[in-house]
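Q: First the structure, which I've put down as structure tokens, then a few questions once you've had a look.
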Amino acid sequence: MAVNAGIAMLEERIKVLERRIISTNPDKIKTSCTDALTQVKQDLNKIATRYSKLGVLWKRLNELQDYLTPEFLEKLTLTDQSKADIILAGEQQLTATAEQFQTLEQFKNIPSEATFKDLPEWSCKLQPLVQVNIQQLEEIETLDEQVCELLTTYNNIINSLSRQFQEWENIICELEEAAQNTTTE
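full-length UniProt numbering numbers the first residue of the sequence shown as 1 and each following residue consecutively.
So this is what it looks like as structure tokens:
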């Protein structure tokens with residue numbers, strides 16, 4: 001009697017589960033879960049017989065599930081030689097990454113944001129100095145132009161004096177020659 005009560009209780013639990021799974025409205029339930037699962041199995045078998053590749057796959061499903069388990073993946077370990085080959089294949093990338101890491105380490109010493117928090121205040125204080133610097137640059141440009149003009153004028157005067165001295169030298173030489181010619185005659 002206890003066995004019959006246990007079976008009745010299990011059947012009632014199955015009916016509750018079927019109502020939860022299939023529908024919330026008990027009047028809509030026409031088949032049980034076991035009937036639906038049997039129908040699905042029959043449909044899968046029909047599909048497996050129609051398509052040969054699917055039938056082969058269906059037969060090897062347990063084997064495929066074994067390959068997909070974490071235990072199987074743990075068994076697949078790389079040999080030391082294959083690990084070395086992988087590392088050697090990525091050698092350039094590893095060295096580039098190491099260089100980038102060293103560059104990043106060097107940038108670690110660059111001051112942080114806290115150092116630059118007073119930047120707007122100092123910028124306001126430096127603005128008048130920047131204006132003075134710009135004004136001085138303009139004055140230097142003007143002075144440079146004036147110096148160039150003075151040097152040009154100086155060069156012109158020196159060139160004129162040199163020509164004048166050469167002319168006077170030529171005149172003096174001619175007069176000396178004429179004087180010697182007149183004395184020798």
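Heads up, the beta-carbon is just placed ideally off N, CA and C, and yes, glycines get one too. All values derive from a computational prediction rather than experimental measurement.
Hey, L64 and L57: beta-carbon distance below 9 Å or not?
A: Locating residue 64 in the sequence shown gives position 64, where the first residue counts as 1. Locating residue 57 in the sequence shown gives position 57, where the first residue counts as 1. Against a cut-off of 9 Å, the Cβ pair of L57 and L64 comes out as a contact.
Q: Can you list, in chain order, the residues of its chain with a C-beta nearer than 6 Å to that of Q146? Leave out the 5 residues immediately preceding and following it.
A: If you number the sequence shown from 1, residue 146 lands on position 146. Counting only Cβ-Cβ distances below 6 Å, and skipping sequence neighbours, we find nothing.
Q: Roughly how many whole angstroms lie between the Cα atoms of L175 and S162?
A: Here residue 175 refers to the residue found at position 175 of the sequence shown. Here residue 162 refers to the residue found at position 162 of the sequence shown. When rounded, the distance between both Cα atoms is 20 Å.
Q: Taking only beta-carbon positions, decide if A98 is within less than 9 Å of chain E.
A: The displayed structure is made up of one protein chain only, and chain E is not part of it.
Q: In angstroms with no decimal places, state the Cα-to-Cα distance between T142 and E149.
A: Taking the first residue of the sequence shown as 1, we reach residue 142 at position 142. Taking the first residue of the sequence shown as 1, we reach residue 149 at position 149. T142 and E149: Cα-Cα distance of roughly 11 Å.
Q: Do C33 and I14 have their beta-carbon atoms positioned less than 9 Å apart in this structure?
A: Against the sequence shown, residue 14 aligns to sequence position 14. Against the sequence shown, residue 33 aligns to sequence position 33. Yes, Cβ-Cβ distance for I14 and C33 is below 9 Å.
Q: Suppose you measure from the CA of N159 to the CA of W168; what does that come to, to the nearest Å?
A: Start at 1 with the first residue of the sequence shown, and residue 159 comes out as number 159. Start at 1 with the first residue of the sequence shown, and residue 168 comes out as number 168. In a straight line, the C-alpha of N159 is about 14 Å away from that of W168.
Q: Under three-state DSSP, which class holds E169?
A: Against the sequence shown, residue 169 aligns to sequence position 169. Here E169 sits in helix by DSSP.
Q: Do you know how far the Cα of Y154 is from the Cα of E177?
A: Locating residue 177 in the sequence shown gives position 177, where the first residue counts as 1. Locating residue 154 in the sequence shown gives position 154, where the first residue counts as 1. Spanning the two alpha carbons is a distance of roughly 34 Å.
Q: Please give the ranges of any beta strand (DSSP E) in the segment 103-163, keeping only runs that are unbroken, at least 3 residues long and fully inside the region.
A: Listed in chain order, nothing qualifies, since the segment 103-163 has no complete beta strand (DSSP E) run of 3 or more residues.
Q: With DSSP as the reference, label residue 196 as helix, strand or coil.
A: In the structure as shown, the chain begins at 1 and stops at 185. Residue 196 is therefore absent and cannot be evaluated.
Q: Measure the Cβ-Cβ separation of L76 and I87 and say whether it is below 9 Å.
A: Within the sequence shown, residue 76 is the residue found at index 76, counting from 1. Within the sequence shown, residue 87 is the residue found at index 87, counting from 1. Cβ atoms of L76 and I87: not closer than 9 Å.
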